[in-house]
Amino acid sequence: MTEINLDTSSVRELNLVLQGGSSGDKFSVNNTVGKHALSVGLTTAVNVEINGHVGYYCAGMNQQASIVINGNAGPGLAENMMSGEVRVTGNASQYAAATAHGGLLVIEGDSSSRCGISMKGVNIVVGGNIGHMSAFMAQSGCLVVCGDAGDALGDSIYEAKIYVRGKVKSLGTDCIEKEMRDEHKKELKQLLSQSKMHHGIEEFRRYGSARKLYNFDIDQVDDY
Amino acid sequence: MCGIVGLFIKNPALESQLGALVAPMLSEMTERGPDSAGIAVYRNPQEDGCKITVLAQQPDFDWSTLETAVSNHFSLRDITVTRNHAVLCLDSAIEDVQDWMSDNWSDLSITSAGTNIEIFKGKGNPAEFIDQFDIKSMTGTHALGHTRMATESAITTEHSHPFSTGQDLCLVHNGSLSNHNRLRETLRKKGVQFKTDNDSEVAAGYLSWRLSEGDDLDQALNHAIEDLDGFYTFAIGTRDGFAVMRDPIGCKPAIMAETDDWAAMSSEYRAIATLPGAENARIWEPEPTQIYSWKRS
Chain B
2 MTEINLDTSS VRELNLVLQG GSSGDKFSVN NTVGKHALSV GLTTAVNVEI NGHVGYYCAG
62 MNQQASIVIN GNAGPGLAEN MMSGEVRVTG NASQYAAATA HGGLLVIEGD SSSRCGISMK
122 GVNIVVGGNI GHMSAFMAQS GCLVVCGDAG DALGDSIYEA KIYVRGKVKS LGTDCIEKEM
182 RDEHKKELKQ LLSQSKMHHG IEEFRRYGSA RKLYNFDIDQ VDDY
Chain C
43 MCGIVGLFIK NPALESQLGA LVAPMLSEMT ERGPDSAGIA VYRNPQEDGC KITVLAQQPD
103 FDWSTLETAV SNHFSLRDIT VTRNHAVLCL DSAIEDVQDW MSDNWSDLSI TSAGTNIEIF
163 KGKGNPAEFI DQFDIKSMTG THALGHTRMA TESAITTEHS HPFSTGQDLC LVHNGSLSNH
223 NRLRETLRKK GVQFKTDNDS EVAAGYLSWR LSEGDDLDQA LNHAIEDLDG FYTFAIGTRD
283 GFAVMRDPIG CKPAIMAETD DWAAMSSEYR AIATLPGAEN ARIWEPEPTQ IYSWKRS
């Protein structure tokens, strides 16, 4: 285990050390005090434990690495993640996992607005609630919400799947509730197990695209 | 981009350290706003009297002329000069002092008026501002601070925050308003005066107008949601505390934290991290359009 203390190391030094790690290496990062862009651009299967709250853009562009944040995360957590796993034990601020292509993001607490905006294949599991405009223009991947969802969930959604255990304040344009078929139950069960969330799959409802925005509709020309 | 900080002291034993606690918060927000900085501090209440802070446009303004003139017209308790600002404590009715100042001292502007509030602001790096105004030694019950990165109007001291919105009231703003020009004209017709072309000053003027129409602060803020178009996190200082509100879209950041000793808000956690006990504080992100407020009971 290599310890990096941000009282004595700069953020750039931290990221260079983490980016230079080999698969299986373990790192612990301390004295974060809300600093930005911690543990970004990792491309190997290192294990990073960050102790404390982090600021903007933590774990951005992650590939393969497993990153645990023991605290809360600021805006832009795991933005454009490609693979690997990022876990936050507290809450995450807005646009977590924006545009992320793959991997798993687990937020044990709440996630605020625009969670999973334009997600492109990432799986996101939120233990608490999510804010408004989450999964906006979400293209693929799954967003699992164990609490409630805010306004305009899944607005202009493409083929991403949303599973919500609690209440949905409102659905966005072209997002509808859909039947929970066997393949969805299997997928949800696996995601809950992988993220260590202990809820019954029968408590969740599935939401997705009505696919009405995919093509121009001449009958709605007056709406444009 | 701008940075906002607010600190409300719950444990009276910490009131002597208000400035020492809020200065590092403000300093931490330098990267969000390196152009200018400002602070509203609530302290030394003037029972049965009033307090105004005035800002001189000229750095070499002769404050003794003002002191003499004020003493001839009003009952002056005290005047404290700090660089280009002076805090005047008087026995007189505050409206009389404000009218006399605006009629006779065109090269001075009033940055705050009330019984507790004092507002100081300055162009330049926040670290210099903190030193020049000796923020660290300030005592008081609560304070709001702002670091500005100008996006829509000039970088001057008068364009800097906080803006006064009435007696013992002030506003700091992170964001941008898109309908401020038309709203400024509408408010001017209603008698609200503006000193700059700054969008945040319009928000302050709007709240002043709503309050003068009889709204309480919550009602004024709820009207603001209807009438202000743009992005904003507002922090509003009041005589007894402060309030925080974000716009319905909520893309401008804000974080709040509370312990038994203090309640704080900021644009980012790193400013709150400078406070004692921050690591164990209750921390949350304010919901859009919800008004959060602390008051001295």
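As given, the protein sequences belong to chains B and C, one line each in that order.
Per our numbering, residue 2 is the first one in the first sequence, and the count goes up by one each step.
Per our numbering, residue 43 is the first one in the second sequence, and the count goes up by one each step.
From the three backbone atoms N, C-alpha and C, an ideal C-beta is built for every residue, glycine too.
Rounded distance between the beta-carbons of residue j and residue i, thought under 8 Å
i: B/His-185; j: B/Arg-212; result: Not a contact, Cβ separation roughly 17 Å.
i: C/Gln-342; j: C/Ile-136; result: Because chain C is modelled from 43 through 339, residue 342 of chain C falls outside the range shown and cannot be assessed.
i: B/Asn-48; j: B/Lys-27; result: 5 Å
i: C/Leu-68; j: C/Leu-150; result: Contact doesn't hold; Cβ gap of about 25 Å is too wide.
i: C/Arg-190; j: C/Ser-78; result: 5 Å
i: B/Gln-65; j: B/Ala-46; result: 4 Å
i: B/Thr-174; j: B/Asp-152; result: Not really, about 12 Å apart at Cβ, beyond 8 Å.
i: B/Val-169; j: B/Phe-205; result: Contact doesn't hold; Cβ gap of about 11 Å is too wide.
i: B/Val-161; j: B/Met-120; result: Contrary to the premise, residue 161 of chain B reads as Ala rather than Val in this sequence. That pair is a contact at about 6 Å.
i: C/Asp-239; j: C/Ser-195; result: 5 Å
Contact check, residue i vs residue j, beta carbons under 8 Å
i: B/Ile-125; j: B/Ala-150; result: no
i: B/Gln-54; j: B/Met-83; result: In the sequence on display, residue 54 of chain B carries His and not Gln. No, these two residues do not count as a Cβ contact at 8 Å.
i: C/Gly-45; j: C/Arg-74; result: yes
i: C/Ser-117; j: C/Leu-132; result: yes
i: B/Gly-77; j: B/Gly-61; result: yes
i: B/Gly-112; j: B/Val-123; result: According to the sequence as given, residue 112 of chain B is Ser; it is not Gly. Contact flag unset, no.
i: C/Asn-167; j: C/Pro-76; result: yes
i: C/Thr-24; j: C/Met-287; result: Only positions 43 to 339 of chain C appear in the structure, and residue 24 of chain C is not among them; the question remains open.
i: C/Ser-220; j: C/Thr-193; result: no
i: C/Ala-299; j: C/Ile-325; result: yes
i: C/Leu-340; j: C/Thr-181; result: Outside the modelled stretch of chain C, which goes from 43 to 339, sits residue 340 of chain C, for which no answer is possible.
i: C/Ser-206; j: C/Ala-246; result: yes
i: C/Glu-327; j: B/Gly-35; result: no
i: B/Val-30; j: B/Leu-15; result: yes
i: B/Ile-1; j: B/Ser-114; result: Nothing about residue 1 of chain B can be reported from this structure: the residues present for chain B run from 2 to 225 only.
i: B/Gly-85; j: B/Gly-72; result: no
i: C/Ile-94; j: C/Ser-154; result: yes
i: C/Asn-216; j: C/Lys-294; result: yes
i: C/Tyr-274; j: C/Asp-260; result: no
i: C/Gln-140; j: C/Ile-121; result: no
i: C/Ala-313; j: C/Met-71; result: yes
i: C/Gly-283; j: C/Phe-50; result: yes
Residue-chain proximity (residue i, chain B), Cβ-Cβ < 8 Å
i: C/Ile-51; result: no
i: C/Pro-295; result: yes
i: C/Glu-268; result: no
i: C/Gly-75; result: no
i: C/Gly-292; result: yes
i: C/Ile-333; result: no
i: C/Ile-46; result: no
i: C/Glu-227; result: no
i: C/Tyr-311; result: yes
i: C/Glu-109; result: no
i: C/Ala-20; result: This structure cannot settle anything about residue 20 of chain C, because the visible part of chain C is limited to 43 through 339.
i: C/Ile-325; result: yes
i: C/Ala-246; result: no
i: C/Ala-315; result: yes
Chain C contact for residue i (CB, 8 Å cutoff)
i: B/Gly-56; result: yes
i: B/Lys-36; result: yes
i: B/Ser-11; result: no
i: B/Ser-113; result: yes
i: B/Ser-94; result: yes
i: B/Gly-75; result: yes
**Prompt:** On the three-pair Cβ rule with 8 Å, is the stretch 72-85 of chain C touching the stretch 159-176 of chain C?
**Reply:** yes
Indicate whether the contact test is met: 3 or more Cβ pairs, each with one atom in the stretch 311-318 of chain C and one in the stretch 130-141 of chain B, closer than 8 Å. no
Sufficient close CB pairs (3 or more, under 8 Å) joining the stretch 276-288 of chain C to the stretch 210-225 of chain C: Segments in contact, yes.
Mind listing, in chain order, the continuous beta strand (DSSP E) runs of no fewer than 3 residues lying wholly within the stretch 187-231 of chain C?
-> 205-208, 211-219
- Query: Which parts of the stretch 102-169 of chain B are runs of the beta strand (DSSP E), unbroken and 3 residues or longer, counting only runs that do not cross its ends?
  - Reply: 105-108, 121-127, 141-146, 162-165
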